[in-house]
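Q: Residue numbers (the working numbering): 6 to 75.
Please see the structure below; I have some questions.
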C-alpha cells in the first residue's frame, strides 16, 4: 500500500521515472532507463522560454542578437 501511495505521489510530482529507475536498480541490481514522456512538453516549453530570456538579456546588454559583431 505504501509503495502504491509513493508511486502516485511521485508521479504527480513528475519524479515517477526517477523513482522507478531507482527501485529497479535496488531490486534487480541493474539499471534500466525509464523515461516519462508526459513531462516532455513541459521541458520543451521550458527550453523555449530559457532561450527567449537569454536572447532578450543579450539584446539588452549588447544591442544586437549576435555577440560577434565587429
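Idealized CB from N, CA, C, for every residue including glycine.
Keep in mind the model is a prediction, meaning the values are calculated, not measured.
1. Using the Cα positions of residue 57 and residue 49, report the straight-line distance between them to the nearest angstrom.
2. Excluding sequence positions up to five away, which residues of its chain have a Cβ less than 8 Å from the Cβ of residue 11?
3. For residue 9 and residue 27, I'd like the C-alpha separation in whole angstroms.
A: Quick look at the numbers:
1. 12 Å
2. 24
3. 15 Å
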